[in-house]
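Each residue of the sequence shown is one higher than the one before, starting from 1 at the first, in the UniProt record's numbering.
From the three backbone atoms N, C-alpha and C, an ideal C-beta is built for every residue, glycine too.
Predicted model only: the values in this text are computed from it and were never measured.
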Amino acid sequence: MSVIDKPRLDHAHMLSLLESMIRIRRFEDKCAELYTQKKIRGFLHLYDGEEAIATGTIPVLKSEDRIVATYREHGHALVRGVPMTTVMAEMFGKAEGCSGGRGGSMHLFDSATNFYGGNAIVGGGLPLAGGLALADRMLGTSNVTACFFGEGAVAEGEFHETLNLAKLWNLPVLFVCENNGYAMGSALARTEAETDIHAKAAAYGIEAEVVDGMDVVAVEAAARRAIARIRETGAPVFLECRTYRFRAHSMFDAQLYRQKEEIEAWRPKGPIVRFQTWLQANHLIDEAEIGQIEQRVDAEIAEAVTFAENGTWEPVADLETHVLGEQPAPPAPVAPSGETVAMTYREAVRQAIMDAMIRDERVFLMGEDVGAYGGCYAVSKGLMAEFGEERIRDTPLSESGFTGAGIGAAAAGMRPIVELMTVNFSLLALDQILNTAATMRHMSGGQFGVPLVIRMATGAGKQLAAQHSHSLEGWYAHIPGLKVLAPGTVEDARGMLWTALEDPDPVLIFENVMLYNREEQIHANAGPVDISRAMVRRKGSDISLITYGGSLHKAMEAAEQLVGEGIEAEVIDLRSLRPLDDETIIASVAKTRRALIIDEGWRTGSLAAEISARIMEQGFWHLDAPVGRVCSVEVPIPYPKHLEDAAIPQVPSIVAGARAVLGR
Numbered sequence: 001m002s003v004i005d006k007p008r009l010d011h012a013h014m015l016s017l018l019e020s021m022i023r024i025r026r027f028e029d030k031c032a033e034l035y036t037q038k039k040i041r042g043f044l045h046l047y048d049g050e051e052a053i054a055t056g057t058i059p060v061l062k063s064e065d066r067i068v069a070t071y072r073e074h075g076h077a078l079v080r081g082v083p084m085t086t087v088m089a090e091m092f093g094k095a096e097g098c099s100g101g102r103g104g105s106m107h108l109f110d111s112a113t114n115f116y117g118g119n120a121i122v123g124g125g126l127p128l129a130g131g132l133a134l135a136d137r138m139l140g141t142s143n144v145t146a147c148f149f150g151e152g153a154v155a156e157g158e159f160h161e162t163l164n165l166a167k168l169w170n171l172p173v174l175f176v177c178e179n180n181g182y183a184m185g186s187a188l189a190r191t192e193a194e195t196d197i198h199a200k201a202a203a204y205g206i207e208a209e210v211v212d213g214m215d216v217v218a219v220e221a222a223a224r225r226a227i228a229r230i231r232e233t234g235a236p237v238f239l240e241c242r243t244y245r246f247r248a249h250s251m252f253d254a255q256l257y258r259q260k261e262e263i264e265a266w267r268p269k270g271p272i273v274r275f276q277t278w279l280q281a282n283h284l285i286d287e288a289e290i291g292q293i294e295q296r297v298d299a300e301i302a303e304a305v306t307f308a309e310n311g312t313w314e315p316v317a318d319l320e321t322h323v324l325g326e327q328p329a330p331p332a333p334v335a336p337s338g339e340t341v342a343m344t345y346r347e348a349v350r351q352a353i354m355d356a357m358i359r360d361e362r363v364f365l366m367g368e369d370v371g372a373y374g375g376c377y378a379v380s381k382g383l384m385a386e387f388g389e390e391r392i393r394d395t396p397l398s399e400s401g402f403t404g405a406g407i408g409a410a411a412a413g414m415r416p417i418v419e420l421m422t423v424n425f426s427l428l429a430l431d432q433i434l435n436t437a438a439t440m441r442h443m444s445g446g447q448f449g450v451p452l453v454i455r456m457a458t459g460a461g462k463q464l465a466a467q468h469s470h471s472l473e474g475w476y477a478h479i480p481g482l483k484v485l486a487p488g489t490v491e492d493a494r495g496m497l498w499t500a501l502e503d504p505d506p507v508l509i510f511e512n513v514m515l516y517n518r519e520e521q522i523h524a525n526a527g528p529v530d531i532s533r534a535m536v537r538r539k540g541s542d543i544s545l546i547t548y549g550g551s552l553h554k555a556m557e558a559a560e561q562l563v564g565e566g567i568e569a570e571v572i573d574l575r576s577l578r579p580l581d582d583e584t585i586i587a588s589v590a591k592t593r594r595a596l597i598i599d600e601g602w603r604t605g606s607l608a609a610e611i612s613a614r615i616m617e618q619g620f621w622h623l624d625a626p627v628g629r630v631c632s633v634e635v636p637i638p639y640p641k642h643l644e645d646a647a648i649p650q651v652p653s654i655v656a657g658a659r660a661v662l663g664r
């Protein structure tokens with residue numbers, strides 16, 4: 001054991017280790033008491049029996065290092081230096097809490113200590129940690145990200161996806177598995193074919209070690225070795241800390257899955273009993289010193305409870321704060337140069353990526369086959385040769401893992417563009433998009449944002465059958481915390497990415513597959529595009545055709561056909577599906593007094609239904625007829641061309657829909 005590996009077991013350090021563990025234990029005992037008094041609500045997961053792991057690991061980290069924890073993270077937060085007062089206030093849900101009262105017990109965040117929060121989704125924090133480490137690697141820092149998780153997480157795909165990425169890209173992550181033997185109520189042997197968890201990490205070529213998680217000195221020694229190794233090599237290290245939780249999984253848990261005798265047999269092996277007994281047996285501490293520790297801790301807890309009880313409830317008027325960050329001003333219009341160029345939609349997206357990477361070194365692109373292959377739709381062809389493998393980053397087929405890594409990198413200050421090959425594949429990353437990207441700002445009380453752009457191909461028309469052809473953008477438009485764009489023109493395909501990358505929040509861009517080959521003339525000096533406003537693409541007086549993305553040009557063609565019948569249709573290109581531009585929609589309907597919504601999503605629960613409801617709520621008295629809808633038929637998208645065409649909106653169905661609204 002080298003000097004750097006060995007804990008400095010002088011008297012002061014031994015006392016600090018003991019006090020840290022007692023502080024966690026007594027804080028949580030008080031929380032359990034407050035829970036029974038209904039002052040703390042929701043789920044409450046206690047760390048009783050596992051205190052040696054946080055105590056032995058976290059103080060070895062530097063202040064610049066980052067921490068990602070689980071829903072059992074009170075001990076991690078306290079050891080990291082998050083004030084006990086603000087932790088307790090967060091448990092109460094008070095505005096003075098470390099997350100502003102928005103996160104509660106499972107979501108403690110603190111930007112001042114680089115504490116990136118607990119995560120209530122089992123394994124959900126692993127990709128985030130990988131992304132934080134990816135940012136450090138790309139920025140050339142010597143920082144380490146420590147990621148804590150339980151043994152239950154090792155069954156999740158995100159565990160394997162993140163370990164693979166961490167080894168593949170040499171990410172400076174300290175993975176700490178707190179193996180307490182039970183994934184909620186299932187013993188490890190019931191859920192894992194391989195119960196030696198460190199062996200799973202070793203299978204990926206990651207340096208892995210088993211540690212007695214009940215021995216605080218052993219944990220600290222292992223943490224010192226691991227962190228020194230990471231700083232030296234930049235590569236990940238894995239610690240399996242074998243421990244035991246004495247309390248239930250959560251305060252709701254009746255613990256019917258294990259015998260009381262088992263718990264009592266483990267009690268003498270507990271980290272506090274074990275370390276304190278050893279200190280006393282070797283005359284390294286006396287009863288007076290133990291009493292002083294307990295008095296200090298009890299006084300701190302009493303102060304924390306008083307602080308929380310005297311805290312304030314956030315006003316209901318502030319309910320919608322911290323959903324999105326401070327909104328940037330819309331980009332200033334660029335005066336046309338007078339020169340136009342012909343450009344395909346595909347080339348417009350490619351140029352947008354290239355321009356962004358030239359403008360901002362924080363921007364990088366990652367996804368499946370975006371580099372050497374040039375992208376499934378050839379959007380990124382040639383970019384790897386121009387910008388290198390670090391910034392045009394091929395990923396494994398692991399949508400949740402690399403999307404989560406993009407989220408982490410964004411939270412650390414990078415500006416990632418994540419490409420998901422098709423909208424159907426995005427469902428594999430839905431956990432990370434919904435539960436992390438869309439919620440981190442809110443749960444952290446505004447401390448952490450996720451300035452991330454996710455691009456994906458959407459829509460049908462290429463005979464790719466049901467698993468590659470759906471239009472699910474309306475699903476994502478349902479989620480607060482996201483912005484959802486659907487560029488339907490070449491100019492928007494080029495300019496929306498520019499604006500999206502300057503946005504403080506996650507932006508999803510849906511590129512319809514039938515548009516990639518479309519060519520249009522655009523201004524040679526075309527710049528950023530406002531991503532919050534709809535556009536009137538064709539003026540009319542008789543009916544408003546409201547649509548987006550791949551259906552825009554069908555609506556334009558339908559409008560031209562309707563002219564022959566004496567009908568002047570106004571065509572509204574939504575462009576932004578979240579937020580919707582109600583002002584432009586209602587202004588058009590107020591003029592035409594009739595509306596038809598064209599949406600490639602399915603009719604039931606569709607985006608078209610939402611727009612129709614908004615028209616009824618805000619513009620009912622303007623209407624001379626019910627709002628009409630043309631949506632995809634409610635079947636999985638078929639393979640045969642004639643059935644595929646029949647399943648999605650086409651020009652004839654739009655024309656027929658307009659006639660029906662007009663009563664013709």
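What is the rounded straight-line gap between the Cα of residue i and the Cα of residue j?
| i | j | result |
| --- | --- | --- |
| residue 666 | Arg242 | Residue 666 is absent from the model: the chain starts at 1 and stops at 664. |
| Ile522 | Arg346 | 14 Å |
| Ala135 | Ala235 | 14 Å |
| Ile509 | Thr499 | 11 Å |
| Ala660 | Val651 | 14 Å |
| Leu46 | Arg578 | 39 Å |
| Met138 | Tyr182 | 37 Å |
| Asn119 | Gly401 | 15 Å |
| residue 665 | Gly371 | With the chain covering only 1 through 664, there is no way to say anything about residue 665. |
| Ala587 | Val363 | 38 Å |
| Thr57 | Glu192 | 26 Å |
| His478 | Gly601 | 13 Å |
| Gly100 | Gly93 | 8 Å |
| Leu34 | Cys98 | 18 Å |
| Asp369 | Gly375 | 5 Å |
| Thr321 | Leu515 | 37 Å |
| Thr547 | Glu390 | 38 Å |
If I measure Cβ to Cβ from residue i and keep anything under 7 Å in the same chain, skipping five residues before and after, which residues do I get?
| i | result |
| --- | --- |
| Met440 | Ala411, Phe448, Val450 |
| Ser20 | Thr55, Val79 |
| Thr70 | Gly118, Asn119, Gly125, Phe148, Phe149, Gly150 |
| Ser142 | Arg231 |
Just checking residue i against the ligand NAP - is the residue's beta carbon closer than 6 Å to any of the ligand's heavy atoms?
| i | result |
| --- | --- |
| Tyr373 | This structure lacks the ligand NAP; in fact it carries no ligand of any kind. |
Taking 7 Å as the CB-CB limit, is residue i close to chain C?
| i | result |
| --- | --- |
| Gln463 | In the structure shown, chain C does not exist; there is a single protein chain. |
Between residue i and the rest of its own chain, which residues show a CB-CB distance below 6 Å, the 5 nearest in sequence each way excluded?
| i | result |
| --- | --- |
| Val633 | Ala647 |
| Gln255 | Ala248 |
| Ala129 | Val68, Thr145, Cys147, Val173 |
| Val627 | Ala595, Ser612, Ile615 |
| Met1 | Low confidence applies to Met1: its pLDDT is 44, below 50, so where it sits in the model is not reliable enough to give any reading. |
According to DSSP, which residues form a beta bridge with residue i?
| i | result |
| --- | --- |
| Phe510 | Met456 |
| Trp313 | BP columns for Trp313 are empty, so no partner. |
| residue 670 | Given a span of 1 to 664 for the chain in the structure shown, any question on residue 670 remains unanswerable. |
| Ala187 | Tyr182 |
| Asp110 | Phe115 |
| Asp599 | Cys631 |
| residue 751 | Here the chain comprises residues numbered 1 to 664, so residue 751 is not present and cannot be evaluated. |
| Pro59 | Answer is none; Pro59 lacks a bridge partner. |
Determine the contact status of residue i and residue j, defining contact as a CB-CB distance below 7 Å.
| i | j | result |
| --- | --- | --- |
| Tyr257 | Gly150 | no |
| Ile598 | Ile654 | yes |
| Ala166 | Phe159 | no |
| Ala438 | Gly481 | yes |
| Ser576 | Ser544 | no |
| Leu239 | Glu209 | yes |
Quick check on residue i: buried or exposed, where buried means 16 or more other Cβ atoms within 10 Å of its Cβ?
| i | result |
| --- | --- |
| Pro649 | buried |
| Asp10 | exposed |
| Trp169 | buried |
| Trp621 | exposed |
| Asp286 | exposed |
| Asp110 | buried |
| Arg415 | buried |
| Phe252 | exposed |
| Lys483 | buried |
Return the chain-ordered list of same chain residues with a C-beta closer than 8 Å to the C-beta of residue i, the five sequence neighbours on each side being excluded.
| i | result |
| --- | --- |
| Glu644 | Ala460, Gly461, Gln463, Ser469, Ile637, Pro638 |
| Arg26 | Glu294, Val297, Asp298, Ile301 |
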